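Below is one structure, written out as structure tokens; the observations come after it.
Numbering (the working numbering), first residue to last: 2 to 407.
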């Protein structure tokens, strides 16, 4: 039986970086390049095909890029997205330190009390006091540095993408978010999150400053579910039965027959095929949405067919009453088609659900989506496909689970 080196640290290969800014040449050639903050995510990598894949998902133009210093040339794309869906890997994906770098590499790395490279007390604290990051001259003190490794489920290959920020607010808030999620859900869980660049404003000493902060948000759950330990995550380990409140990664054949109210296993189609009623199918769909599971185009088509079949079966088996005739109303078929049209609109929409609803009403003369006819929904869908609106639709985005396609 093969063995492992017990003292060797294991870590995922770094595929690239997620950045919130870039640099441009300074007007004064004697000065270093000027930093520019980005409203959207910048993705860079040594591998061009990774960056090409990112551009297909989040937009932008791929370009060759030379980082500052003497490093090898890389590729980057300034995307059109200010938020990215990601997964926190097992263990502790966050590292933080006060650091000072020169052309010769890292000169100081400190936890705020002890400088680890020299094993001496914190130099900056001795020089400028507890709030040294505010009192020290510019670029004199060590920079607060936060690094977060995440998995991007929409990107090829298996590995880590590194977010690095020097923001004081990001350092505080990212650490708090990771600690709460890992402490409540579990250290070995794969946790679906969303990384968002949030624009903030701060007024200090009579000056107004605008700056970006990296926010780590939970996908597929609420704060109450996290604190109760019932949020849906992605379990680790092929071939194992998923734990309560978790969804497993694996093939459909590895999943047992799902009981109503049990966890969604192996994605969407397998448990959906086993659903006997429309109500059971709806529970599976809603649970998958809360877990952040996004179907492929083929899976979405299959789920649509299953949902419409079970819904039609439920309509046909309704008992007749004096007030309600046994024959379904003529509007039923049109309603099913309207639901399908609305599902396609949601998939193509570049806006959040609340903004999409408001935009629909504004463009369609005040008609709300739930009151719109099939013809009105089709008109809006065709305009969305034709790009009549200013905001670009997310062409390569995964189908949405905000609304069921039935």
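Yeah, the Cβ is synthetic: ideal placement off N, Cα and C, and Gly gets one too.
Quantities reported herein were computed from a predicted structural model and do not represent experimental measurements.
| Asked | Found |
| --- | --- |
| Terminal residues of the continuous beta strand (DSSP E) containing residue 214? | 208 to 219 |
| Alpha carbon to alpha carbon, what distance is there between residue 132 and residue 8? | 38 Å |
| Specify the secondary structure class of residue 106 as computed by DSSP and reduced to three states. | strand |
| Thinking residue 175 and residue 217 are a contact (beta carbons under 8 Å), I'd like their distance in whole angstroms, please. | 5 Å |
| Would you decide whether residue 49 is buried or exposed? Buried here means 16 or more other CB atoms lie within 10 Å of its CB. | exposed |
| Just reading off the alpha helix (DSSP H) that residue 358 is part of, what are its end residues? | 354 to 364 |
| Could you round the C-beta distance between residue 66 and residue 73 to whole angstroms and report it? I think they count as a contact, below 8 Å. | Not quite, the Cβ-Cβ distance comes to about 11 Å (not below 8 Å), so this is no contact. |
| Can you give the Cα-Cα distance for residue 365 and residue 355, rounded to whole angstroms? | 16 Å |
| Mind the definition here: the region 177 to 195 touches the region 118 to 133 only if three or more C-beta pairs lie below 8 Å; say whether that holds. | no |
| Is residue 10 buried or exposed, if buried means 16 or more other CB atoms sit within 10 Å of its CB? | exposed |
| Take residue 140 as the anchor and find which of 57, 204, 100 has the nearest alpha-carbon. | 100 |
| So, is residue 25 buried or exposed, given that buried needs 16 or more other C-beta atoms within 10 angstroms? | exposed |
| Pick helix, strand or coil for residue 174, following the three-state DSSP scheme. | helix |
| Could you say which of 168, 34, 135, 311 lies nearest to residue 98 if we only look at CA atoms? | 168 |
| Quick one: what's got a C-beta closer than 6 Å to residue 203's C-beta in the same chain, skipping five residues either side? | 210 |
| Leaving out five residues before and five after residue 81 in sequence, what residues of the same chain have Cβ atoms less than 7 Å from its Cβ? | 41, 59, 60, 61, 393 |
| So, using beta-carbon positions, are residue 165 and residue 20 closer together than 9 Å? | yes |
| Got a sec? Which residues, its chain only, sit under 8 Å from residue 27 by beta carbon, not counting five neighbours each side? | 33, 34, 35 |
| Alpha carbon to alpha carbon, how far is residue 200 from residue 389? Give it in angstroms, no decimals. | 28 Å |
| Per the DSSP calculation, residue 285 is bridged to which residue(s)? | Bridge partners of residue 285: none, in fact. |
| Per DSSP, residue 150 forms a beta bridge with which residues? | 163 |
| Grab me the residues of residue 154's own chain with a C-beta within less than 7 Å of its C-beta, minus the 5 sequence neighbours each way, in chain order. | 86, 88 |
| Between 346, 370, 29, which has its C-alpha nearest residue 384's C-alpha? | 346 |
| Can you say whether residue 214 is buried or exposed, counting buried as having 16 or more other CB atoms within 10 angstroms of its CB? | buried |
| Chain B beta carbons: is any one of them nearer than 9 Å to that of residue 62? | The structure shown contains no chain B, having only a single protein chain. |
| My parser needs the beta strand (DSSP E) runs of 3 or more residues fully inside the region 37 to 123; what are they? | 63 to 66, 75 to 79, 84 to 89, 95 to 103, 106 to 111 |
| Determine which residues share a DSSP beta bridge with residue 26 and list them. | According to DSSP, which records beta bridges pairwise, residue 26 is partnered with nothing at all. |
| In angstroms, rounded to a whole number, what distance separates the CA positions of residue 239 and residue 3? | Residue placement at residue 239 is poorly supported in this model, since its pLDDT is 35, which falls under 50; the coordinates are not used for a value here. |
| Just to confirm my understanding: we take residue 377, look at its own chain, exclude 5 residues before and 5 after, and list those with CB closer than 7 Å. What are they? | 365, 368 |
| For residue 373, which of helix, strand or coil comes out of DSSP? | coil |
| Out of 118, 113, 112, which one is the CA nearest neighbour of residue 106? | 118 |
| If you reduce the DSSP assignment to three classes, tell me which class residue 317 lands in. | helix |
| Given a threshold of 16 other Cβ atoms within 10 Å of its Cβ, counted over all protein chains shown, does residue 77 qualify as buried or as exposed? | buried |
| Using C-beta distances below 8 Å, list every residue in its chain close to residue 52, excluding the 5 sequence neighbours before and after it, in chain order. | 17, 44, 45, 46, 63, 76, 77, 78 |
| Using a 10 Å radius around the Cβ and a threshold of 16 neighbouring Cβ atoms, would you call residue 305 buried or exposed? | buried |
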